[in-house]
Amino acid sequence: TVCTPFDQPPGTVLRDAHGVPHIFASSLDDLSFTNGYVEAQDRLFEMEVLRRAGKGALSEVLGASLLEMDTTIRRDLYTAAERQAQFDALPAADQETLSRFADGVTLYICQARLDSSKLPAEYAALGFLPDDWTALDTVAAADFLIGVFGAFGGDEVHDAAFFFDVKSRLGRARAKRVFNDHFPLFDPQSPVTIPQLEKTFDDPLRHSTRPFSSRQLRVLEQYLPSLNAAAGLSSAEAQARATTEDLLGVRAARHHLASNAILVSGALTDTGNPILLGGPQVGYAIPSFFFEVGLHAPGIDAEGVTPPAGPGMVIGRTRNFAYTITSGISDQVDTYLEVLNPANAKQYLFNGAYEDMSCRTETFTVREPPPPAGSGGAPMTVQREFCRTRHGPVFFRDNRVAFSHAYAHRNLELLSAANWLRMAQATNLSQFKTLVDGESMSFNYHYADNAGTIAYFHAGIRPLRPNRSDPRVPLIGTGAQEWQGFLPKDQMPGIVNPAQGWLTNWNNNPIRGW
4 TVCTPFDQPP GTVLRDAHGV PHIFASSLDD LSFTNGYVEA QDRLFEMEVL
54 RRAGKGALSE VLGASLLEMD TTIRRDLYTA AERQAQFDAL PAADQETLSR
104 FADGVTLYIC QARLDSSKLP AEYAALGFLP DDWTALDTVA AADFLIGVFG
154 AFGGDEVHDA AFFFDVKSRL GRARAKRVFN DHFPLFDPQS PVTIPQLEKT
204 FDDPLRHSTR PFSSRQLRVL EQYLPSLNAA AGLSSAEAQA RATTEDLLGV
254 RAARHHLASN AILVSGALTD TGNPILLGGP QVGYAIPSFF FEVGLHAPGI
304 DAEGVTPPAG PGMVIGRTRN FAYTITSGIS DQVDTYLEVL NPANAKQYLF
354 NGAYEDMSCR TETFTVREPP PPAGSGGAPM TVQREFCRTR HGPVFFRDNR
404 VAFSHAYAHR NLELLSAANW LRMAQATNLS QFKTLVDGES MSFNYHYADN
454 AGTIAYFHAG IRPLRPNRSD PRVPLIGTGA QEWQGFLPKD QMPGIVNPAQ
504 GWLTNWNNNP IRGW
(Lines of atoms letter the chains of each structure in order from A and count residues from 1; the text may use other names and numbers.)
(Lines give C-alpha, C1' and ligand atoms only; values in the text may rest on other atoms or scores of the structure.)
Protein backbone atom coordinates (compact mmCIF):
# COMPACT_ATOMS: atom_id res chain seq x y z
CA THR A 1 0.00 0.00 0.00
CA VAL A 2 1.27 3.46 -0.95
CA CYS A 3 0.28 6.45 1.15
CA THR A 4 1.49 9.81 2.40
CA PRO A 5 1.30 11.23 5.93
CA PHE A 6 -1.21 13.75 4.62
CA ASP A 7 -3.82 11.33 3.26
CA GLN A 8 -7.11 11.61 5.13
CA PRO A 9 -10.21 9.42 5.29
CA PRO A 10 -13.18 10.81 3.35
CA GLY A 11 -15.42 11.37 6.37
CA THR A 12 -15.29 14.04 9.06
CA VAL A 13 -14.41 12.93 12.58
CA LEU A 14 -15.42 14.94 15.63
CA ARG A 15 -14.39 13.69 19.05
CA ASP A 16 -16.43 14.54 22.12
CA ALA A 17 -15.11 15.36 25.59
CA HIS A 18 -14.59 11.64 26.27
CA GLY A 19 -12.60 11.11 23.08
CA VAL A 20 -15.41 9.16 21.42
CA PRO A 21 -15.28 9.61 17.63
CA HIS A 22 -18.41 10.75 15.82
CA ILE A 23 -18.10 10.12 12.09
CA PHE A 24 -20.00 12.13 9.50
CA ALA A 25 -19.85 11.02 5.87
CA SER A 26 -21.71 11.64 2.62
CA SER A 27 -22.11 7.93 1.82
CA LEU A 28 -22.08 4.55 3.55
CA ASP A 29 -18.87 3.63 1.71
CA ASP A 30 -17.10 6.72 3.02
CA LEU A 31 -18.51 6.03 6.48
CA SER A 32 -17.10 2.49 6.45
CA PHE A 33 -13.67 3.70 5.28
CA THR A 34 -13.50 6.35 7.99
CA ASN A 35 -14.80 3.90 10.59
CA GLY A 36 -11.89 1.59 9.78
CA TYR A 37 -9.36 4.42 9.95
CA VAL A 38 -10.61 5.64 13.32
CA GLU A 39 -10.80 2.15 14.84
CA ALA A 40 -7.19 1.56 13.81
CA GLN A 41 -6.22 4.93 15.22
CA ASP A 42 -7.63 3.97 18.62
CA ARG A 43 -7.40 0.16 18.77
CA LEU A 44 -4.88 -1.14 16.23
CA PHE A 45 -3.08 -3.64 18.43
CA GLU A 46 -6.34 -4.95 19.87
CA MET A 47 -7.48 -5.48 16.29
CA GLU A 48 -4.19 -7.23 15.54
CA VAL A 49 -4.75 -9.65 18.39
CA LEU A 50 -8.32 -10.38 17.32
CA ARG A 51 -7.48 -11.10 13.69
CA ARG A 52 -4.67 -13.41 14.80
CA ALA A 53 -6.97 -15.11 17.31
CA GLY A 54 -9.47 -15.83 14.54
CA LYS A 55 -6.77 -17.32 12.31
CA GLY A 56 -4.98 -19.29 15.03
CA ALA A 57 -1.81 -17.22 14.63
CA LEU A 58 -1.24 -15.71 18.08
CA SER A 59 1.80 -17.89 18.82
CA GLU A 60 3.49 -16.40 15.76
CA VAL A 61 4.04 -13.18 17.70
CA LEU A 62 3.23 -13.99 21.34
CA GLY A 63 5.09 -17.25 21.77
CA ALA A 64 4.55 -20.92 22.54
CA SER A 65 2.15 -20.31 25.44
CA LEU A 66 -0.52 -19.46 22.85
CA LEU A 67 0.08 -22.51 20.63
CA GLU A 68 -2.65 -24.64 22.21
CA MET A 69 -5.16 -21.84 21.76
CA ASP A 70 -4.10 -21.50 18.12
CA THR A 71 -4.43 -25.25 17.69
CA THR A 72 -7.99 -25.25 19.02
CA ILE A 73 -8.98 -22.32 16.82
CA ARG A 74 -7.64 -23.83 13.61
CA ARG A 75 -9.22 -27.17 14.46
CA ASP A 76 -12.66 -25.82 15.31
CA LEU A 77 -12.99 -22.74 13.10
CA TYR A 78 -12.11 -22.23 9.47
CA THR A 79 -9.38 -22.35 6.86
CA ALA A 80 -8.46 -19.31 4.77
CA ALA A 81 -10.43 -20.77 1.85
CA GLU A 82 -13.50 -21.21 4.05
CA ARG A 83 -13.27 -17.63 5.29
CA GLN A 84 -13.10 -16.50 1.67
CA ALA A 85 -16.21 -18.57 0.89
CA GLN A 86 -18.04 -16.95 3.81
CA PHE A 87 -17.13 -13.52 2.48
CA ASP A 88 -18.19 -14.46 -1.06
CA ALA A 89 -21.59 -15.57 0.28
CA LEU A 90 -22.34 -12.09 1.65
CA PRO A 91 -24.56 -9.69 -0.29
CA ALA A 92 -22.52 -7.36 -2.50
CA ALA A 93 -23.32 -4.35 -0.30
CA ASP A 94 -21.93 -6.10 2.79
CA GLN A 95 -18.80 -7.15 0.91
CA GLU A 96 -18.27 -3.52 -0.06
CA THR A 97 -18.75 -2.38 3.54
CA LEU A 98 -16.09 -4.78 4.81
CA SER A 99 -13.72 -3.92 1.97
CA ARG A 100 -14.03 -0.18 2.54
CA PHE A 101 -13.51 -0.68 6.27
CA ALA A 102 -10.34 -2.66 5.46
CA ASP A 103 -9.14 0.15 3.19
CA GLY A 104 -9.50 2.61 6.06
CA VAL A 105 -7.59 0.41 8.49
CA THR A 106 -4.85 -0.13 5.91
CA LEU A 107 -4.44 3.60 5.31
CA TYR A 108 -3.76 4.12 9.01
CA ILE A 109 -1.35 1.16 9.09
CA CYS A 110 0.50 2.55 6.07
CA GLN A 111 0.88 5.95 7.74
CA ALA A 112 1.97 4.30 11.00
CA ARG A 113 4.75 2.52 9.15
CA LEU A 114 5.95 5.95 7.99
CA ASP A 115 5.63 7.45 11.47
CA SER A 116 6.35 4.98 14.26
CA SER A 117 4.78 7.30 16.84
CA LYS A 118 1.41 6.24 15.41
CA LEU A 119 2.11 2.58 16.15
CA PRO A 120 0.97 1.08 19.46
CA ALA A 121 3.98 0.33 21.67
CA GLU A 122 3.23 -3.40 21.62
CA TYR A 123 4.54 -3.71 18.07
CA ALA A 124 8.00 -2.46 19.04
CA ALA A 125 8.00 -4.59 22.19
CA LEU A 126 7.13 -7.71 20.22
CA GLY A 127 9.41 -6.90 17.31
CA PHE A 128 7.09 -6.90 14.31
CA LEU A 129 5.06 -4.52 12.12
CA PRO A 130 1.40 -4.89 11.16
CA ASP A 131 0.45 -6.21 7.74
CA ASP A 132 -2.21 -4.47 5.67
CA TRP A 133 -5.75 -5.17 6.80
CA THR A 134 -8.07 -7.18 4.57
CA ALA A 135 -11.77 -7.92 4.67
CA LEU A 136 -10.87 -11.50 5.56
CA ASP A 137 -9.16 -10.23 8.72
CA THR A 138 -12.53 -8.90 9.82
CA VAL A 139 -14.09 -12.25 8.89
CA ALA A 140 -11.55 -14.08 11.08
CA ALA A 141 -12.14 -11.76 14.05
CA ALA A 142 -15.92 -12.01 13.63
CA ASP A 143 -15.88 -15.82 13.51
CA PHE A 144 -13.83 -15.88 16.70
CA LEU A 145 -15.75 -13.28 18.69
CA ILE A 146 -19.24 -14.37 17.73
CA GLY A 147 -18.31 -17.88 18.81
CA VAL A 148 -17.13 -16.62 22.20
CA PHE A 149 -20.37 -14.80 22.98
CA GLY A 150 -22.99 -16.59 20.86
CA ALA A 151 -22.14 -20.32 20.73
CA PHE A 152 -23.08 -22.60 23.62
CA GLY A 153 -23.16 -26.33 24.28
CA GLY A 154 -20.68 -29.03 23.36
CA ASP A 155 -19.82 -30.09 26.93
CA GLU A 156 -21.43 -33.51 26.61
CA VAL A 157 -18.27 -35.60 27.09
CA HIS A 158 -17.56 -33.86 30.39
CA ASP A 159 -21.16 -34.27 31.54
CA ALA A 160 -21.32 -37.94 30.54
CA ALA A 161 -18.03 -38.66 32.31
CA PHE A 162 -19.47 -36.98 35.40
CA PHE A 163 -22.51 -39.28 35.29
CA PHE A 164 -20.45 -42.46 35.03
CA ASP A 165 -18.14 -41.29 37.81
CA VAL A 166 -21.08 -40.64 40.15
CA LYS A 167 -22.66 -43.96 39.10
CA SER A 168 -19.48 -45.80 40.12
CA ARG A 169 -19.65 -44.16 43.55
CA LEU A 170 -23.38 -44.03 44.34
CA GLY A 171 -25.07 -46.51 42.03
CA ARG A 172 -27.28 -45.90 39.02
CA ALA A 173 -30.45 -44.65 40.73
CA ARG A 174 -28.73 -42.06 42.93
CA ALA A 175 -26.44 -41.05 40.05
CA LYS A 176 -29.51 -40.18 37.96
CA ARG A 177 -30.85 -37.94 40.72
CA VAL A 178 -27.49 -36.20 41.16
CA PHE A 179 -27.11 -35.76 37.40
CA ASN A 180 -30.60 -34.30 37.06
CA ASP A 181 -29.82 -31.85 39.85
CA HIS A 182 -26.66 -30.70 38.08
CA PHE A 183 -27.93 -30.82 34.50
CA PRO A 184 -31.74 -30.56 34.46
CA LEU A 185 -33.35 -30.98 31.07
CA PHE A 186 -36.20 -28.64 31.96
CA ASP A 187 -36.15 -26.56 35.11
CA PRO A 188 -39.66 -25.38 36.06
CA GLN A 189 -38.18 -23.01 38.64
CA SER A 190 -35.85 -21.26 36.21
CA PRO A 191 -36.62 -17.55 35.80
CA VAL A 192 -37.87 -16.61 32.34
CA THR A 193 -38.03 -13.33 30.42
CA ILE A 194 -41.42 -13.73 28.70
CA PRO A 195 -44.20 -13.67 31.35
CA GLN A 196 -45.68 -17.13 31.84
CA LEU A 197 -49.23 -15.74 31.94
CA GLU A 198 -48.80 -14.38 28.41
CA LYS A 199 -46.85 -17.08 26.60
CA THR A 200 -45.41 -20.53 27.14
CA PHE A 201 -43.50 -22.81 24.79
CA ASP A 202 -44.13 -26.43 23.87
CA ASP A 203 -40.52 -27.40 23.20
CA PRO A 204 -40.12 -30.19 20.60
CA LEU A 205 -37.11 -31.28 22.64
CA ARG A 206 -39.46 -32.22 25.48
CA HIS A 207 -41.24 -34.74 23.24
CA SER A 208 -38.13 -36.20 21.59
CA THR A 209 -36.03 -36.54 24.73
CA ARG A 210 -35.51 -39.78 26.59
CA PRO A 211 -33.53 -39.01 29.76
CA PHE A 212 -30.65 -41.44 30.26
CA SER A 213 -31.21 -43.00 26.84
CA SER A 214 -30.03 -46.61 27.04
CA ARG A 215 -28.99 -46.42 23.38
CA GLN A 216 -26.46 -43.71 24.22
CA LEU A 217 -25.35 -44.79 27.69
CA ARG A 218 -24.73 -48.38 26.63
CA VAL A 219 -22.36 -47.31 23.84
CA LEU A 220 -20.68 -44.64 25.96
CA GLU A 221 -20.02 -47.11 28.77
CA GLN A 222 -18.54 -49.52 26.24
CA TYR A 223 -15.96 -46.84 25.41
CA LEU A 224 -15.65 -45.38 28.92
CA PRO A 225 -11.81 -45.05 28.94
CA SER A 226 -12.01 -43.05 25.71
CA LEU A 227 -14.84 -40.94 27.09
CA ASN A 228 -12.86 -40.13 30.23
CA ALA A 229 -9.78 -39.23 28.20
CA ALA A 230 -11.86 -36.97 25.95
CA ALA A 231 -13.44 -35.33 28.99
CA GLY A 232 -10.02 -34.65 30.49
CA LEU A 233 -8.80 -33.13 27.24
CA SER A 234 -11.96 -31.06 26.88
CA SER A 235 -11.66 -29.69 30.42
CA ALA A 236 -8.00 -28.77 29.91
CA GLU A 237 -8.81 -27.02 26.64
CA ALA A 238 -11.68 -25.12 28.26
CA GLN A 239 -9.39 -23.89 31.03
CA ALA A 240 -6.69 -22.88 28.55
CA ARG A 241 -9.24 -21.07 26.43
CA ALA A 242 -10.65 -19.23 29.44
CA THR A 243 -7.14 -18.11 30.40
CA THR A 244 -6.46 -16.89 26.87
CA GLU A 245 -9.81 -15.12 26.64
CA ASP A 246 -8.85 -13.30 29.84
CA LEU A 247 -5.60 -12.30 28.17
CA LEU A 248 -7.51 -11.05 25.12
CA GLY A 249 -10.03 -9.17 27.25
CA VAL A 250 -13.05 -11.21 26.15
CA ARG A 251 -14.97 -13.33 28.61
CA ALA A 252 -18.16 -15.11 27.70
CA ALA A 253 -21.21 -15.81 29.83
CA ARG A 254 -20.15 -19.45 30.13
CA HIS A 255 -17.20 -18.25 32.23
CA HIS A 256 -19.43 -16.94 35.04
CA LEU A 257 -20.05 -13.53 33.53
CA ALA A 258 -23.49 -12.63 32.29
CA SER A 259 -25.02 -9.70 30.46
CA ASN A 260 -28.35 -8.25 31.51
CA ALA A 261 -31.08 -5.98 30.22
CA ILE A 262 -34.22 -4.27 31.52
CA LEU A 263 -37.07 -2.98 29.35
CA VAL A 264 -39.88 -0.76 30.66
CA SER A 265 -42.78 0.22 28.42
CA GLY A 266 -43.65 3.85 27.87
CA ALA A 267 -47.06 2.98 29.31
CA LEU A 268 -45.42 2.80 32.75
CA THR A 269 -43.33 5.99 32.63
CA ASP A 270 -44.34 9.58 33.37
CA THR A 271 -43.01 10.81 30.03
CA GLY A 272 -44.44 8.01 27.90
CA ASN A 273 -40.93 7.16 26.77
CA PRO A 274 -39.71 3.60 27.30
CA ILE A 275 -36.63 2.75 29.33
CA LEU A 276 -33.94 0.37 28.10
CA LEU A 277 -31.07 -0.56 30.39
CA GLY A 278 -28.35 -2.60 28.74
CA GLY A 279 -25.59 -4.26 30.75
CA PRO A 280 -23.30 -6.14 28.34
CA GLN A 281 -20.89 -7.78 30.77
CA VAL A 282 -17.93 -8.75 28.60
CA GLY A 283 -15.25 -8.45 31.26
CA TYR A 284 -12.81 -5.72 32.23
CA ALA A 285 -9.80 -4.95 30.08
CA ILE A 286 -7.61 -2.07 28.94
CA PRO A 287 -8.57 -1.13 26.33
CA SER A 288 -12.18 -2.08 26.93
CA PHE A 289 -13.71 -4.72 24.71
CA PHE A 290 -16.25 -2.45 23.01
CA PHE A 291 -15.36 0.45 20.74
CA GLU A 292 -17.71 3.41 21.17
CA VAL A 293 -18.57 5.39 18.05
CA GLY A 294 -21.14 7.63 16.39
CA LEU A 295 -22.07 6.78 12.78
CA HIS A 296 -23.79 9.45 10.69
CA ALA A 297 -24.41 9.15 6.94
CA PRO A 298 -27.37 8.83 4.57
CA GLY A 299 -29.35 5.88 5.91
CA ILE A 300 -27.79 5.79 9.37
CA ASP A 301 -27.76 8.13 12.36
CA ALA A 302 -26.73 6.18 15.43
CA GLU A 303 -24.40 6.06 18.40
CA GLY A 304 -23.32 2.96 20.23
CA VAL A 305 -20.65 0.29 20.49
CA THR A 306 -19.13 -2.45 18.38
CA PRO A 307 -16.34 -4.99 18.91
CA PRO A 308 -13.13 -3.69 17.33
CA ALA A 309 -11.91 -5.21 14.04
CA GLY A 310 -15.13 -4.56 12.16
CA PRO A 311 -17.74 -1.96 11.23
CA GLY A 312 -21.35 -1.75 12.33
CA MET A 313 -23.04 -1.42 15.72
CA VAL A 314 -24.10 -4.28 17.98
CA ILE A 315 -25.65 -2.09 20.70
CA GLY A 316 -26.88 1.41 20.05
CA ARG A 317 -29.37 4.25 19.82
CA THR A 318 -30.77 5.40 16.49
CA ARG A 319 -33.19 8.22 15.71
CA ASN A 320 -36.09 5.82 16.17
CA PHE A 321 -35.12 3.16 18.69
CA ALA A 322 -32.49 1.73 21.03
CA TYR A 323 -31.35 -1.87 21.30
CA THR A 324 -29.04 -4.08 23.31
CA ILE A 325 -28.11 -7.77 23.36
CA THR A 326 -27.33 -10.50 25.86
CA SER A 327 -25.95 -13.98 25.27
CA GLY A 328 -28.79 -16.47 24.79
CA ILE A 329 -27.03 -19.58 26.21
CA SER A 330 -29.22 -21.94 24.15
CA ASP A 331 -27.56 -25.23 23.27
CA GLN A 332 -26.54 -25.14 19.59
CA VAL A 333 -23.55 -27.50 19.77
CA ASP A 334 -23.74 -31.28 20.19
CA THR A 335 -21.06 -33.93 20.57
CA TYR A 336 -21.03 -37.11 18.50
CA LEU A 337 -19.23 -40.33 19.32
CA GLU A 338 -17.75 -41.72 16.10
CA VAL A 339 -16.97 -45.45 16.00
CA LEU A 340 -13.69 -45.92 14.14
CA ASN A 341 -12.56 -48.57 11.69
CA PRO A 342 -10.14 -50.84 13.63
CA ALA A 343 -8.00 -51.01 10.50
CA ASN A 344 -8.03 -47.26 9.77
CA ALA A 345 -8.45 -44.64 12.51
CA LYS A 346 -9.31 -42.02 9.89
CA GLN A 347 -12.53 -43.81 8.96
CA TYR A 348 -15.73 -43.86 10.99
CA LEU A 349 -18.90 -45.92 10.84
CA PHE A 350 -22.02 -44.31 9.38
CA ASN A 351 -25.14 -46.15 8.19
CA GLY A 352 -23.34 -49.46 8.04
CA ALA A 353 -20.28 -48.34 6.04
CA TYR A 354 -17.01 -46.66 6.90
CA GLU A 355 -16.54 -43.09 5.69
CA ASP A 356 -13.25 -41.22 5.33
CA MET A 357 -12.63 -38.27 7.59
CA SER A 358 -11.58 -35.07 5.88
CA CYS A 359 -8.07 -34.41 7.20
CA ARG A 360 -5.52 -31.67 6.63
CA THR A 361 -2.14 -30.69 8.06
CA GLU A 362 -1.66 -27.14 9.36
CA THR A 363 1.73 -25.52 9.94
CA PHE A 364 2.29 -23.14 12.86
CA THR A 365 5.20 -20.73 13.10
CA VAL A 366 5.91 -20.22 16.80
CA ARG A 367 8.07 -17.25 17.68
CA GLU A 368 9.11 -16.00 21.08
CA PRO A 369 9.03 -12.19 21.25
CA PRO A 370 12.29 -10.36 22.07
CA PRO A 371 13.22 -9.44 25.66
CA PRO A 372 11.77 -8.22 27.92
CA ALA A 373 8.49 -9.47 26.46
CA GLY A 374 9.96 -12.92 25.77
CA SER A 375 13.11 -14.97 25.34
CA GLY A 376 13.70 -13.98 21.72
CA GLY A 377 14.53 -17.54 20.73
CA ALA A 378 14.59 -18.70 17.12
CA PRO A 379 11.19 -19.39 15.53
CA MET A 380 10.13 -23.00 15.38
CA THR A 381 7.73 -24.78 13.05
CA VAL A 382 5.03 -27.08 14.40
CA GLN A 383 2.66 -29.20 12.33
CA ARG A 384 -0.69 -30.52 13.50
CA GLU A 385 -3.24 -32.70 11.72
CA PHE A 386 -6.94 -31.85 11.97
CA CYS A 387 -9.81 -34.07 10.86
CA ARG A 388 -13.55 -33.64 10.40
CA THR A 389 -16.45 -36.03 10.11
CA ARG A 390 -19.82 -35.29 8.54
CA HIS A 391 -20.82 -34.00 11.98
CA GLY A 392 -17.96 -31.56 12.44
CA PRO A 393 -14.41 -31.08 13.74
CA VAL A 394 -12.85 -33.99 15.62
CA PHE A 395 -11.47 -32.89 19.00
CA PHE A 396 -10.46 -36.31 20.33
CA ARG A 397 -9.39 -39.53 18.62
CA ASP A 398 -7.77 -42.75 19.76
CA ASN A 399 -7.72 -46.12 17.99
CA ARG A 400 -11.31 -46.98 18.94
CA VAL A 401 -13.48 -43.87 18.79
CA ALA A 402 -13.43 -40.19 17.99
CA PHE A 403 -15.53 -37.34 19.35
CA SER A 404 -16.65 -34.53 17.08
CA HIS A 405 -18.65 -31.35 17.55
CA ALA A 406 -21.73 -30.54 15.46
CA TYR A 407 -22.48 -26.81 15.23
CA ALA A 408 -25.96 -25.67 14.21
CA HIS A 409 -24.47 -22.37 13.07
CA ARG A 410 -21.54 -23.85 11.12
CA ASN A 411 -20.38 -21.42 8.40
CA LEU A 412 -23.17 -18.97 9.28
CA GLU A 413 -21.30 -16.77 11.77
CA LEU A 414 -20.39 -14.08 9.25
CA LEU A 415 -23.93 -13.82 7.89
CA SER A 416 -25.06 -13.23 11.47
CA ALA A 417 -22.39 -10.59 12.05
CA ALA A 418 -23.40 -8.91 8.78
CA ASN A 419 -26.85 -8.26 10.25
CA TRP A 420 -25.14 -5.93 12.72
CA LEU A 421 -23.98 -3.85 9.76
CA ARG A 422 -27.63 -3.10 9.02
CA MET A 423 -29.26 -3.17 12.45
CA ALA A 424 -28.62 0.51 13.15
CA GLN A 425 -29.99 1.30 9.68
CA ALA A 426 -33.41 -0.19 10.45
CA THR A 427 -36.19 2.37 10.84
CA ASN A 428 -38.85 0.36 12.67
CA LEU A 429 -39.57 -2.78 14.66
CA SER A 430 -40.51 -4.84 11.60
CA GLN A 431 -37.15 -4.21 9.91
CA PHE A 432 -35.32 -4.88 13.17
CA LYS A 433 -37.17 -8.19 13.67
CA THR A 434 -36.31 -9.28 10.11
CA LEU A 435 -32.62 -8.85 10.91
CA VAL A 436 -33.01 -10.74 14.20
CA ASP A 437 -34.65 -13.62 12.32
CA GLY A 438 -31.51 -13.83 10.19
CA GLU A 439 -29.31 -14.50 13.21
CA SER A 440 -27.78 -17.95 13.61
CA MET A 441 -26.07 -17.39 16.97
CA SER A 442 -27.68 -17.57 20.41
CA PHE A 443 -28.41 -13.98 21.45
CA ASN A 444 -31.28 -12.12 23.10
CA TYR A 445 -32.31 -8.85 21.45
CA HIS A 446 -33.99 -6.09 23.46
CA TYR A 447 -35.70 -3.17 21.72
CA ALA A 448 -37.39 0.09 22.76
CA ASP A 449 -38.59 2.82 20.40
CA ASN A 450 -39.77 6.41 20.44
CA ALA A 451 -43.42 5.32 20.37
CA GLY A 452 -43.03 3.60 23.74
CA THR A 453 -42.93 0.07 22.33
CA ILE A 454 -40.70 -2.56 23.91
CA ALA A 455 -39.84 -5.96 22.45
CA TYR A 456 -37.71 -9.01 23.20
CA PHE A 457 -36.54 -11.73 20.80
CA HIS A 458 -34.50 -14.87 21.42
CA ALA A 459 -32.42 -15.57 18.30
CA GLY A 460 -30.41 -18.50 17.02
CA ILE A 461 -30.73 -21.90 15.38
CA ARG A 462 -32.21 -24.64 17.56
CA PRO A 463 -31.50 -28.20 16.38
CA LEU A 464 -34.34 -30.70 16.48
CA ARG A 465 -32.65 -33.61 18.21
CA PRO A 466 -33.37 -37.25 17.32
CA ASN A 467 -36.21 -39.08 19.03
CA ARG A 468 -35.47 -40.98 22.23
CA SER A 469 -32.17 -39.20 22.80
CA ASP A 470 -30.65 -37.39 25.77
CA PRO A 471 -28.98 -34.14 24.62
CA ARG A 472 -26.93 -33.92 27.82
CA VAL A 473 -24.56 -36.70 26.72
CA PRO A 474 -22.90 -37.44 23.36
CA LEU A 475 -25.08 -38.66 20.52
CA ILE A 476 -23.97 -41.80 18.70
CA GLY A 477 -22.68 -40.91 15.24
CA THR A 478 -23.37 -44.17 13.42
CA GLY A 479 -26.46 -42.79 11.67
CA ALA A 480 -29.42 -43.41 13.96
CA GLN A 481 -29.17 -40.18 15.98
CA GLU A 482 -28.95 -37.43 13.38
CA TRP A 483 -30.56 -34.02 13.81
CA GLN A 484 -34.04 -33.82 12.31
CA GLY A 485 -33.78 -30.25 11.10
CA PHE A 486 -34.15 -26.98 12.99
CA LEU A 487 -36.89 -25.16 14.85
CA PRO A 488 -38.71 -22.81 12.43
CA LYS A 489 -37.79 -19.18 12.97
CA ASP A 490 -41.42 -18.19 13.59
CA GLN A 491 -41.42 -20.48 16.63
CA MET A 492 -38.44 -18.81 18.30
CA PRO A 493 -39.51 -17.05 21.52
CA GLY A 494 -40.34 -13.36 21.42
CA ILE A 495 -42.84 -10.80 22.68
CA VAL A 496 -43.87 -7.22 21.88
CA ASN A 497 -45.42 -4.93 24.52
CA PRO A 498 -46.12 -7.47 27.27
CA ALA A 499 -49.20 -6.73 29.35
CA GLN A 500 -47.12 -6.33 32.52
CA GLY A 501 -45.22 -3.51 30.79
CA TRP A 502 -41.67 -4.64 31.52
CA LEU A 503 -39.15 -7.37 30.74
CA THR A 504 -35.84 -8.46 32.26
CA ASN A 505 -33.12 -10.81 31.07
CA TRP A 506 -29.91 -11.97 32.70
CA ASN A 507 -29.00 -14.79 30.32
CA ASN A 508 -31.90 -16.80 31.75
CA ASN A 509 -34.33 -18.96 29.79
CA PRO A 510 -36.43 -16.96 27.33
CA ILE A 511 -39.77 -18.63 28.06
CA ARG A 512 -41.41 -21.28 30.25
CA GLY A 513 -41.01 -24.68 28.61
CA TRP A 514 -37.74 -23.85 26.82
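Reading the sequence shown from the start, the letters are residues 4 to 517 in my numbering.
In this text, a Cβ means the ideal position worked out from N, Cα and C, and glycines have one as well.
Treat the numbers as computed from the prediction; the structure is a model and nothing was measured.
The way I'd put it, the stretch 452-464 does touch the stretch 487-504; three or more beta-carbon pairs between them come closer than 8 Å. With fewer than 16 other Cβ atoms inside 10 Å of its own Cβ, Phe189 counts as exposed. Between Gly57 and Leu93, the beta carbon gap of about 16 Å keeps them out of contact (Cβ cut-off 8 Å). Within the same chain, Glu371 come within 6 Å of Gly380 by CB-CB distance, once the 5 residues on both sides are set aside. Contact between Asp106 and Ala232 does not hold, since the beta-carbon distance rounds to 48 Å and is not under 8 Å. Residue state for Gly282 is assigned as strand, using DSSP reduced to three classes. Counting only runs that start and end inside the stretch 125-174, the alpha helix (DSSP H) elements of at least 4 residues fall at 138-153 and 159-173.
Non-local C-beta neighbours of Ile479 in its own chain, meaning closer than 7 Å and more than five positions away in sequence, comprise Arg218, Gln219, Val222 and Leu340, ordered along the chain. Note on geometry: alpha-carbon atoms of Val181 and Ala234 lie some 19 Å from one another. Just so you know, the alpha carbons of Asp334 and Asp118 end up roughly 48 Å apart. Nearest C-alpha to Val5 among Gln11, Phe36, Asp97 and Leu110: Leu110. Just measuring C-alpha positions, the residue of Cys390, Asn510 and Thr75 sitting nearest Ala405 is Cys390.
The secondary-structure analysis by DSSP pairs Gln386 across a beta bridge with Thr366.
According to DSSP, residue pairing for Glu358 in a beta bridge involves Tyr351.
Bridge pairing for Ile265: Leu280 and Thr507 [DSSP]. The DSSP-derived three-state label of Thr327 is strand.
In the structure shown, Glu306 falls within a strand segment according to DSSP collapsed to helix, strand and coil. Counting other Cβ atoms within 10 Å of its Cβ, Thr74 reaches 16 or more and is therefore classed as buried.
Excluding the 5 residues flanking it on each side, Leu432 has same chain C-beta neighbours closer than 8 Å at Phe324, Tyr450, Asp452, Thr456, Ala458 and Val499, in chain order. For Glu295, DSSP records a beta bridge to Val308. Boundaries of the beta strand (DSSP E) harbouring Pro24: Pro24 to Phe27, taken from the DSSP string. The DSSP-derived three-state label of Leu340 is strand. A residue is called buried when at least 16 other Cβ atoms come within 10 angstroms of its Cβ; Thr327 meets this threshold and is buried.
Counting along the chain, no beta strand (DSSP E) covers Thr430, and no H or E run does either. Taking the C-beta atoms as reference points, Leu438 is found no nearer than 7 Å to Leu266. Going by beta carbons, Gln199 and Arg515 fall inside the 7 Å limit. Per DSSP, reduced to three states, the secondary structure at Val397 is strand. Annotated three-state conformation of Val317 is coil, per DSSP. Ala483 is classed as exposed because its beta carbon has fewer than 16 other beta carbons within 10 Å across all chains shown. Counting only the Cα atoms, Arg471 lies some 34 Å from Ala245. Rounded to the nearest whole angstrom, the C-alpha separation of Ala178 and Phe165 is 9 Å.
Counting only residues of its own chain and dropping the five nearest sequence neighbours on each side, Ala411 has a CB closer than 6 Å to the CB of Gln335, Ile464 and Pro466.
Within the model, the alpha-carbon separation for Leu139 versus Leu101 is close to 9 Å.
Close CB contacts of Asn354 within its chain, under the 6 Å cut and outside five residues either way in sequence, are with Gly482 (chain order). In the three-state scheme derived from DSSP, where H, G and I count as helix and E and B as strand, Gly463 is classed as coil. Residue burial is scored here from C-beta neighbours: Ile289 has fewer than 16 other C-beta atoms within 10 angstroms and is therefore classed as exposed.
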